[in-house]
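Colleague:
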Amino acid sequence: MCTSSESVPKSAVYETEAAAWLDNISFCSGFCQWIDEELSVDSLPAESQQPVQSTSASQAEAEAEAVSAQPSAEKSPTEVPSRGNRRGRIHSFFKRAWKAVKKPFLRCRRTRVESSPETASVPGPSGLQNVPDTEPASASGLPNWEPTTEPMYSLYTLQGLIGKGSFGKVFKAIRKSDGQEVAIKGLCKFNNRRYLKIPGCSAPLPREVALMLLLRRPPVSPYVIQMYEWFDRPKIFSLILECPQPCMVLRKFITVSSGLTETIASILMRQLVLAVQHCIDHGVFHNDIHADNILVTTDTLEIKLIDFGAAHLFESTGYDTWKYLGAAEYCPPEAFSQPKYHAVPTNVWALGVTLYLMVNRRLPFYNIRETLEASPKFWKPTLSIACRDLIGQCLNRDPAKRPTLEQILEHPWFKRWL
38 MCTSSESVPK
48 SAVYETEAAA
58 WLDNISFCSG
68 FCQWIDEELS
78 VDSLPAESQQ
88 PVQSTSASQA
98 EAEAEAVSAQ
108 PSAEKSPTEV
118 PSRGNRRGRI
128 HSFFKRAWKA
138 VKKPFLRCRR
148 TRVESSPETA
158 SVPGPSGLQN
168 VPDTEPASAS
178 GLPNWEPTTE
188 PMYSLYTLQG
198 LIGKGSFGKV
208 FKAIRKSDGQ
218 EVAIKGLCKF
228 NNRRYLKIPG
238 CSAPLPREVA
248 LMLLLRRPPV
258 SPYVIQMYEW
268 FDRPKIFSLI
278 LECPQPCMVL
288 RKFITVSSGL
298 TETIASILMR
308 QLVLAVQHCI
318 DHGVFHNDIH
328 ADNILVTTDT
338 LEIKLIDFGA
348 AHLFESTGYD
358 TWKYLGAAEY
368 CPPEAFSQPK
378 YHAVPTNVWA
388 LGVTLYLMVN
398 RRLPFYNIRE
408 TLEASPKFWK
418 PTLSIACRDL
428 IGQCLNRDPA
438 KRPTLEQILE
448 HPWFKRWL
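The sequence shown runs 38 to 455 under my numbering.
#1: Looking only at its own chain, which residues have a Cβ that is under 6 Å from the Cβ of E440, when we skip the five neighbours before and after it?
#2: Are the region 386 to 405 and the region 352 to 362 touching by the rule of at least three beta carbon pairs closer than 8 Å?
#3: Along the alpha helix (DSSP H) that carries I317, what are the first and last residues, could you check?
#4: I'd like to confirm the pairing. Which residues does DSSP put opposite A423 in its beta bridges?
#5: Can you list, in chain order, the residues of its chain whose CB lies under 6 Å from that of S109, leaving out five sequence neighbours each side?
#6: Buried or exposed: where does Q282 fall if 16 or more other Cβ atoms within 10 Å of its Cβ makes it buried?
#7: Identify, in the order they occur along the chain, each residue of the same chain with its Cβ nearer than 7 Å to the Cβ of K209, setting aside the five sequence neighbours on each side.
#8: Could you name the residues of the same chain whose beta carbon sits closer than 7 Å to that of R288, not counting the 5 residues immediately before and after it, in chain order?
#9: Hey, is the region 265 to 276 in contact with the region 352 to 371, meaning 3+ C-beta pairs nearer than 8 Å?
#10: To which residues does DSSP link P283 through a beta bridge?
#11: Could you please give the first and the last residue of the uninterrupted beta strand (DSSP E) stretch that includes L446?
#12: Helix, strand or coil: which one does DSSP assign to E410?
#13: Taking the continuous beta strand (DSSP E) assigned at A348, which residues delimit it?
#14: What residues in its chain sit with their C-beta under 8 Å from that of Y260, if we drop five residues either side in the sequence?
#15: Measure from the alpha carbon of D325 to the alpha carbon of each residue in V381, C424, Q375, T186, then state which is nearest.
#16: Would you mind working out which of N397, L420, S421, S374 sits nearest T408, comparing C-alpha positions?
#17: For W386, count neighbouring Cβ atoms within 10 angstroms of its own Cβ and tell me buried if that reaches 16, exposed if not.
#18: Leaving out the 5 sequence neighbours to the left and right, which residues in its chain are closer than 8 Å to A372 when beta-carbon positions are compared?
#19: My guess is that E366 and L388 are in contact by the Cβ rule of under 8 Å, so how many angstroms apart are they, rounded?
#20: Mind checking whether I264 and V333 have CB atoms under 8 Å apart?
#21: Report the three-state DSSP secondary structure of F274 (helix, strand or coil).
#22: Should D215 be labelled buried (16 or more other beta-carbon atoms within 10 Å of its own) or exposed?
#23: If you run the structure through DSSP and keep just helix, strand and coil, what is K213?
#24: List the residues that DSSP assigns as beta-bridge partners of A328.
#25: Look up T334 in the DSSP assignment and give the residues it is bridged to.
#26: Please classify A247: is it buried, with 16 or more other beta-carbons within 10 angstroms of its beta-carbon, or exposed?
#27: Can you list, in chain order, the residues of its chain whose CB lies under 7 Å from that of I262, leaving out five sequence neighbours each side?
#28: Closer than 8 Å by C-beta to I291: which residues in its own chain qualify, once you throw out the five before and the five after it? Chain order, please.
#29: Near Y193, which residues of its chain fall below 8 Å by C-beta distance, leaving aside the five closest residues on each side in sequence?
#30: How about F451 and S303: do their beta carbons lie closer than 8 Å?
#31: Have a look at V293, H448, M249 and flag the residue whose alpha-carbon is nearest the alpha-carbon of A347.
#32: For the alpha helix (DSSP H) that L392 lies in, which residues bound it at each end?
#33: Rounded to a whole number of angstroms, what is the C-alpha to C-alpha distance between C225 and F402?
#34: Going by other Cβ atoms of all chains shown within 10 Å of its Cβ, with 16 needed for buried, is R244 buried or exposed?
#35: Looking only at its own chain, which residues have a Cβ that is under 6 Å from the Cβ of W416, when we skip the five neighbours before and after it?
#36: Identify whether H323 lies in helix, strand or coil by the three-state DSSP scheme.
Next comes the structure, spelled out in structure tokens:
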């Protein structure tokens with residue numbers, strides 16, 4: 038991965054360090070998250086905030102948000118302020134306070150982004166060699182890298198909240214042109230200070246947008262979620278993603294199925310390995326593979342790897358351990374005990390944890406000590422020797438001794454069940 042050779046002024050460095058220190062304070066972190074959640078909902082038009090039909094609790098929440106988003110009628114001076122009004126004034130106060138705290142640091146962050154955006158280089162087929170891409174945008178597979186300029190709500194009808202995580206909220210929507218169901222992921226701009234410069238694009242892009250564009254380069258994978266387009270809105274970036282139906286996350290699929298047979302597990306596992314391989318070959322390290330980031334289409338058993346909010350550009354030199362942002366239960370032992378961790382061995386470890394969960398209905402490790410010991414117990418006596426062997430290889434404590442993605446696909450366990 039290359040970075041700009043432009044030097045950053047010393048004062049900007051000091052300001053950037055101060056901003057990083059401020060971000061690490063737990064109070065400010067919680068305060069930012071609260072502001073992000075408020076803004077990501079308040080930024081939606083009231084008439085588009087239709088409640089989710091699945092639960093009454095989510096209905097009440099959506100209705101309350103819709104009411105609070107509408108302009109209030111003129112009140113009598115003797116009328117007692119409602120809870121919503123008090124909430125609005127409190128929210129307004131903290132919003133102004135946050136802007137005042139944040140203002141001194143915005144300029145240095147903007148300077149940092151403009152002066153030295155990260156530049157992506159696409160690895161070769163092995164995923165281990167960085168080869169600069171000198172092709173024009175049309176030839177490199179990124180003809181539509183710019184955000185869509187039409188108003189988003191003129192093209193899509195919002196249906197309701199699907200879920201939310203540390204990097205944004207996801208809503209279900211209908212594309213008006215053809216009735217296609219899509220997912221809209223909103224990324225609050227206060228949380229998006231990371232930009233990437235990728236080949237074929239003339240300007241730095243939000244990190245998740247840039248990585249999704251890299252994954253859209255031909256050939257695309259049917260096992261990785263695709264981004265159709267994106268919008269640069271006043272407060273948030275909105276990513277329009279495919280939304281397979283009917284589907285559920287792998288964790289829920291395992292629960293409702295009361296565990297998976299080895300046949301079904303092998304079908305899903307093979308697709309997941311191919312999805313990870315596609316990401317590496319396209320220069321992307323997912324960095325957060327777990328059972329809630331895998332969608333399963335229930336009628337076809339096709340999977341989709343989703344949520345690239347914690348992803349990085351692929352780097353053969355590895356990553357500092359503090360950059361690991363994935364689920365703790367899927368974290369490899371080297372991220373706890375060594376200064377660096379690497380993309381492929383980390384992916385393989387996460388694949389081993391996922392396969393263990395599929396066939397045992399429980400995770401292999403629940404704390405750091407168990408992870409460092411890397412000695413999973415097999416609770417299902419009927420589990421085949423081949424499956425136990427594959428899991429054991431993937432969960433090897435030494436990252437250098439774990440199999441490659443290609444070696445996993447060649448394992449006898451797949452040949453037995455496929």
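Beta carbons are placed, not taken as given, at the ideal position from N, Cα and C, and that holds for glycine.
Predicted model, so just to flag it, every value in this text is computed and none were measured.
Modeller: On the basis of the supplied data:
#1: For clarity, residue 440 is Pro in the given sequence; the question names Glu instead. Taken in chain order, the residues that qualify are Q430.
#2: Of all C-beta pairs linking the region 386 to 405 to the region 352 to 362, fewer than three are shorter than 8 Å, placing the two stretches out of contact.
#3: Run containing I317: 299 to 318, per the alpha helix (DSSP H) assignment.
#4: Paired residue(s): none; A423 is not in a bridge.
#5: Unreliable positioning characterises S109 in this predicted model, as indicated by a pLDDT of 38, which lies under 50. A coordinate reading is not provided.
#6: Taking all protein chains in view, the Cβ of Q282 is surrounded by fewer than 16 other Cβ atoms within 10 Å, so the residue is classified as exposed.
#7: If we look at K209 and ignore the five residues flanking it on each side, its Cβ neighbours are Q196, G197, I199, E218, A220, C280.
#8: Apart from sequence neighbours up to five positions away, the residues of its chain that approach R288 with a beta-carbon distance below 7 Å are A328, D329, ordered along the chain.
#9: Not touching, per the Cβ criterion.
#10: Its beta-bridge partners do not exist; DSSP assigns none.
#11: Taken as a continuous stretch (DSSP letters only), L446 belongs to no beta strand (DSSP E), being part of the alpha helix (DSSP H) at 442 to 446.
#12: If DSSP states are grouped into helix, strand and coil, E410 belongs with the helices.
#13: Element bounds for A348: n/a, residue is neither H nor E.
#14: In chain order, Q308, L309, L311, A312, H315, E339, I340, K341, L342 place their CB closer than 8 Å to the CB of Y260, counting only its own chain and leaving out the 5 sequence neighbours on each side.
#15: When C-alpha distances from D325 are compared across V381, C424, Q375, T186, the shortest belongs to V381.
#16: Proximity to T408 across N397, L420, S421, S374 peaks at S374, based on C-alpha coordinates.
#17: Burial of W386 is indicated by the presence of at least 16 other C-beta atoms within 10 angstroms of its C-beta.
#18: Excluding residues within five positions, the ones whose Cβ falls inside 8 Å are T358, Y361, Y378, T383.
#19: Actually they do not touch by this definition, with Cβ atoms about 14 Å apart.
#20: Residue identity check: residue 264 is Met in the sequence provided, not Ile. No, the pair does not count as a contact, with Cβ atoms beyond the cut-off.
#21: F274: strand per DSSP, three-state reduction.
#22: In summary, D215 is exposed, with fewer than 16 beta-carbon neighbours lying within 10 Å of its beta-carbon over all protein chains present.
#23: K213 sits in coil when the DSSP states are folded into three classes, being neither helix nor strand.
#24: A328 is not bridged to any residue.
#25: Among the bridge pairs identified by DSSP, T334 is matched with C284, E339.
#26: A buried status is given to A247, since no fewer than 16 other beta-carbon atoms sit within 10 Å of its beta-carbon.
#27: Only L278, E279, K341, L342, I343 meet the Cβ criterion.
#28: In its chain, beyond the 5 residues on either side, L297, A328, L394, M395, R398 have a beta carbon closer than 8 Å to the beta carbon of I291.
#29: Answer for Y193: A210, I211, R212, K213, V219, I221, I277, listed in chain order.
#30: For F451 and S303, yes; Cβs fall inside 8 Å.
#31: Checking every option, the nearest Cα to that of A347 belongs to M249.
#32: Judged by DSSP secondary structure, L392 falls within the alpha helix (DSSP H) whose first and last residues are 380 to 397.
#33: Their backbone Cα atoms lie some 33 Å apart in a straight line.
#34: Taking a 10 Å sphere around the C-beta of R244, we find 16 or more other C-beta atoms and assign the residue as buried.
#35: Closer than 6 Å at the Cβ level, and outside the excluded window around W416, lie N397.
#36: DSSP, reduced to helix, strand and coil, places H323 outside both helices and strands of the structure shown, so it counts as coil.
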